[in-house]
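To keep things clear, I will list the structure first and then write my remarks on it.
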């Protein structure tokens with residue numbers, strides 16, 4: 001089946017997940033794909049996120065790239081960054097996505113929130129951001145790839161439910177504090193780290209990335 005990239009831009013707005021898979025299968029059989037610019041994406045992650053690959057891959061193909069995706073091992077992002085012989089570096093990616101959830105990074109902040117007060121949690125967050133900064137200092141010295149970092153958000157309903165919104169020093173406020181802290185630290189890593197994303201915004205951020213390169 002022939003795939004028209006021009007009409008695909010409108011069609012994809014109505015796509016279900018299975019449509020991405022079918023379209024990518026058809027595209028893989030097209031000879032013109034080999035004329036697109038090679039583009040290597042490496043995904044570091046703390047959770048299973050493989051379902052985003054078809055969506056991002058189709059977006060890249062539409063923009064004239066021939067993407068190849070590589071996945072780091074589950075929750076091994078720190079080791080992969082520190083190990084110069086890891087597949088992160090041997091695959092020489094053009095783009096690195098770091099997908100880490102707050103419940104994996106700071107599980108007690110989510111599930112045992114009541115055990116510490118607001119000030120204590122802020123100290124824990126500052127410490128975690130410092131550790132991440134050390135990792136990305138290492139990463140920025142070892143690769144010239146662009147890097148996109150996932151934003152931190154609550155996995156569901158806040159610990160105190162609807163009362164969270166009524167508290168000035170809430171769990172949700174701590175997540176905002178975390179994200180602001182990341183932005184402030186990582187602005188010094190330009191052009192290595194330029195964006196913070198929520199997974200649902202991957203397509204939009206990917207287009208922004210392509211427009212900058």
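Numbering (the UniProt record's numbering), first residue to last: 1 to 213. Glycine included, C-beta positions come from ideal geometry on N, C-alpha and C.
Where residue 36 is concerned, there is no enclosing alpha helix (DSSP H), because DSSP gives it neither an H nor an E. Between residue 185 and the set 130, 41 and 86, the nearest pair of CA atoms involves 130.
Between residue 142 and residue 84, the gap from beta carbon to beta carbon is short of 8 Å.
Each residue's CA atom was taken as its position, placing residue 172 and residue 40 some 35 Å apart.
Under the Cβ criterion (8 Å, minimum of three pairs), the segment 104-114 does not count as touching the segment 60-74. In the same chain as residue 43, and ignoring 5 residues on each side of it, the C-beta atoms closer than 6 Å to its own belong to 71 and 97, in chain order.
For residue 171, the uninterrupted alpha helix (DSSP H) segment begins and ends at 171-186. Secondary structure note for residue 107: its alpha helix (DSSP H) is the uninterrupted segment 107-111. Checking the DSSP bridge columns, you'll see residue 121 has no partner listed.
Sorting 124, 80 and 24 by C-alpha distance to the C-alpha of residue 53 places 24 at the top. Restricted to the segment 10-78, the alpha helix (DSSP H) segments that are unbroken, complete and at least 4 residues in length are 17-27 and 53-62, listed in chain order. In this structure residue 32 is exposed. Its beta-carbon is surrounded by fewer than 16 other beta-carbon atoms within 10 angstroms. Looking at the DSSP output, residue 157 sits in no beta bridge, so it has no partner there. With a cutoff of 8 Å on beta-carbon distance, residue 81 and residue 139 are scored as near each other.
One alpha carbon belongs to residue 145, the other to residue 89, and they sit about 10 Å apart. Residue range 146-150 is occupied by the beta strand (DSSP E) that includes residue 149. Assigned with DSSP and collapsed to three states, residue 96 falls in strand.
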